[in-house]
Amino acid sequence: MDGMTEDLRALRLWFRRADDESRNAWLLLVTLLSAFVCAVEALHGLAAAGTSQGMPQGMSQWATLAAFAFCGTLCLAAWRPVSGGLLTVLWWALLCVTPAELPSSMLIGVLLCVGVLGYARRGLGVAVAATAVAVWAFSRGGMTLGGWGAADSGDAVGAAPQSPSPSVPSSAPTAPDVPSGAGHGSSLLGMMTFNGVLPVAALFLGFLIGGIAARWGHDRDAAESELRMRRERERAARTIHDYVSNDLAYVILRLDQDIASGGTVSAAELHELRQAAAKALGHTHEVIALIEGPEDAERAVPRMAPRDAAGVDAEAIAGLRDQCARYEERLRALGFDGQTIVTVQPEARLSTARRELMGGLMEELYTNIGKHADPAYGYVVAVRIAADGIDVAVADTAAHAGAVDPALSAGTGLKRCRERIERLGGTMRVGAGEDGEWSLAAWLPADDGHAG
1 MDGMTEDLRA LRLWFRRADD ESRNAWLLLV TLLSAFVCAV EALHGLAAAG
51 TSQGMPQGMS QWATLAAFAF CGTLCLAAWR PVSGGLLTVL WWALLCVTPA
101 ELPSSMLIGV LLCVGVLGYA RRGLGVAVAA TAVAVWAFSR GGMTLGGWGA
151 ADSGDAVGAA PQSPSPSVPS SAPTAPDVPS GAGHGSSLLG MMTFNGVLPV
201 AALFLGFLIG GIAARWGHDR DAAESELRMR RERERAARTI HDYVSNDLAY
251 VILRLDQDIA SGGTVSAAEL HELRQAAAKA LGHTHEVIAL IEGPEDAERA
301 VPRMAPRDAA GVDAEAIAGL RDQCARYEER LRALGFDGQT IVTVQPEARL
351 STARRELMGG LMEELYTNIG KHADPAYGYV VAVRIAADGI DVAVADTAAH
401 AGAVDPALSA GTGLKRCRER IERLGGTMRV GAGEDGEWSL AAWLPADDGH
451 AG
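Residue numbers 1 to 452, in UniProt numbering, belong to the letters of the sequence shown in order.
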């Protein structure tokens, strides 16, 4: 009993989630409009109720109540598209096997519900559509077990089978022979006529495929949105780590150095520390704009005027040299004595995208030297920019464990750099020797498209 209760609860939760995913303002309006048309047609049929030449005309009171009940389930489907849509199709199928005369516009609501069910779950939509077509075909479409017959059950899609017409006196003129199925089609709102079962089956198939296609489009858009959001989060995390975190770490290292020395802090040093803090603040604003929305991020990050490929390469290489020089000054202020070698070979290429990656990598490498290396042994940073790619090599000596403040590092910077490099087809290797020597070698292939 408990297992059945859990299954019912899970089914109810699934329908609630499916209703929430499928609810749409346009769908609500169209569904309510089709319910209104069905109600108007039912009232018109009730007003025309009676007999003509011994044949019933219009709709009976019972059939009108059944049609209004259908309109009620269709209104429910406007707010609960999946659960209400399934109830609507089931009620329509039940009415099809009764002798009641039904409004032809019911078919429009049923087709909408089939499309919604196909959108919610493809298998459910196929099963419901196939069942609905089969019920209609055998009850109202004139189909028999012997084969596909023409729809000769009445003048409307929801028309009930009619009794044979009275016998015609032999003296009356006989009608000419008419091909089977001709003139005995099923009509929809008196405007469209369907001969046989196949046209109605095609309608069901078309709405079903439309619902499935809409779901595919929705899932594709959701996947693209999720990918865009993930890339924005990665960019925000990269900006925080590569710039904000590293700048703040440098400020803390300088302050720790000044506290340990007990000396007087010069105005030049305070100015330098203020510039580092202001830079971190500026990158923080960029991250905030990125989180708030892509439009804010675009306004926060200035765009450079377009240049030719050679101009982009030259400017990017010059920017990389300036960055290395700035960080050399920072390390020198922290007591390091090292060397940076930047070699640019003929026809070297450094696109804006590669320059951005290299900027983050160099920020991380120089900051790691300041946080983890021993100033007494120096360091070497070598960068070779060639036509086929970029080589980066770093060597230093790690400081002893007690000299490193664990609060200054999260330990994820090099891992993030490796992932970005490998994503672009490059490699990065890190090695550590027994005597404390630490080394890194990275290679980044050139940007074939050279998209700035």
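For glycine and all other residues, C-beta sits at the position ideal for the given N, C-alpha and C.
Supposed contact pair residue j and residue i - C-beta distance, whole angstroms, cut 8 Å
i: G115; j: L208; result: 7 Å
i: L444; j: L414; result: Not a contact, Cβ separation roughly 15 Å.
i: L350; j: A316; result: 4 Å
i: V265; j: D258; result: 5 Å
i: A399; j: A373; result: 6 Å
i: L253; j: L334; result: 6 Å
For residue i, the three-state DSSP class (helix, strand or coil)
i: P445; result: strand
i: E437; result: strand
i: R429; result: strand
i: W14; result: helix
i: A39; result: helix
i: T193; result: strand
i: A100; result: coil
i: T264; result: coil
i: G141; result: coil
i: N246; result: helix
i: M229; result: helix
i: D374; result: coil
i: L215; result: Per the sequence presented here, residue 215 reads as Arg, with Leu not at that position. The answer is helix: DSSP assigns R215 an H, G or I state.
i: A134; result: helix
i: E298; result: Residue placement at E298 is poorly supported in this model, since its pLDDT is 47, which falls under 50; the coordinates still yield a value, given next. Helix.
i: T412; result: coil
i: residue 482; result: A query on residue 482 cannot be resolved here, the shown segment of the chain reaching from 1 to 452 and no further.
i: R121; result: coil
i: R420; result: helix
i: S105; result: coil
i: M4; result: helix
For residue j and residue i, the rounded distance between their alpha carbons
i: Y250; j: E347; result: 35 Å
i: G16; j: R9; result: Here residue 16 is Arg; the residue named in the question, Gly, does not match the sequence. Each residue's Cα considered, the two are about 11 Å apart.
i: V82; j: T98; result: 25 Å
i: G193; j: D219; result: According to the sequence as given, residue 193 is Thr; it is not Gly. So the alpha carbons of these two residues sit roughly 36 Å apart.
i: Q345; j: I390; result: 10 Å
i: G125; j: V133; result: 12 Å
i: A151; j: L112; result: With a pLDDT of 41 at A151, under the threshold of 50, the predicted position of this residue should be treated as unreliable, though the coordinate-derived value follows. Cα to Cα, the separation comes out at about 23 Å.
i: R332; j: A280; result: 20 Å
i: E21; j: E356; result: 40 Å
i: L102; j: L198; result: 20 Å
i: V244; j: R416; result: 15 Å
i: S439; j: V381; result: 10 Å
i: L28; j: W79; result: 7 Å
i: L43; j: S34; result: 14 Å
i: L361; j: V30; result: 55 Å
i: T367; j: A222; result: 38 Å
i: R140; j: T131; result: 14 Å
i: L76; j: M59; result: 24 Å
i: T340; j: G217; result: 52 Å
i: R418; j: A393; result: 14 Å
i: R330; j: R274; result: 13 Å
i: L74; j: E232; result: 42 Å
i: L13; j: A39; result: 32 Å
i: A376; j: F336; result: 7 Å
i: E422; j: A442; result: 10 Å
i: F36; j: A18; result: 25 Å
i: G123; j: L117; result: 9 Å
i: G84; j: A63; result: 21 Å
i: A201; j: N195; result: 11 Å
i: L87; j: A66; result: 14 Å
i: R235; j: A278; result: 20 Å
i: D435; j: R228; result: 45 Å
Per DSSP, cross-strand counterpart(s) of residue i
i: V128; result: Answer is none; V128 lacks a bridge partner.
i: I390; result: I385, L444
i: D396; result: Y379, W438
Any non-hydrogen atom of the ligand COA within 8 Å of residue i CB
i: W62; result: Only the bare structure without any ligand can be found here, which leaves the ligand COA out of the picture.
Task: Runs of beta strand (DSSP E) lying entirely within the stretch 301-372, each at least 3 residues, in chain order - done: 339-344
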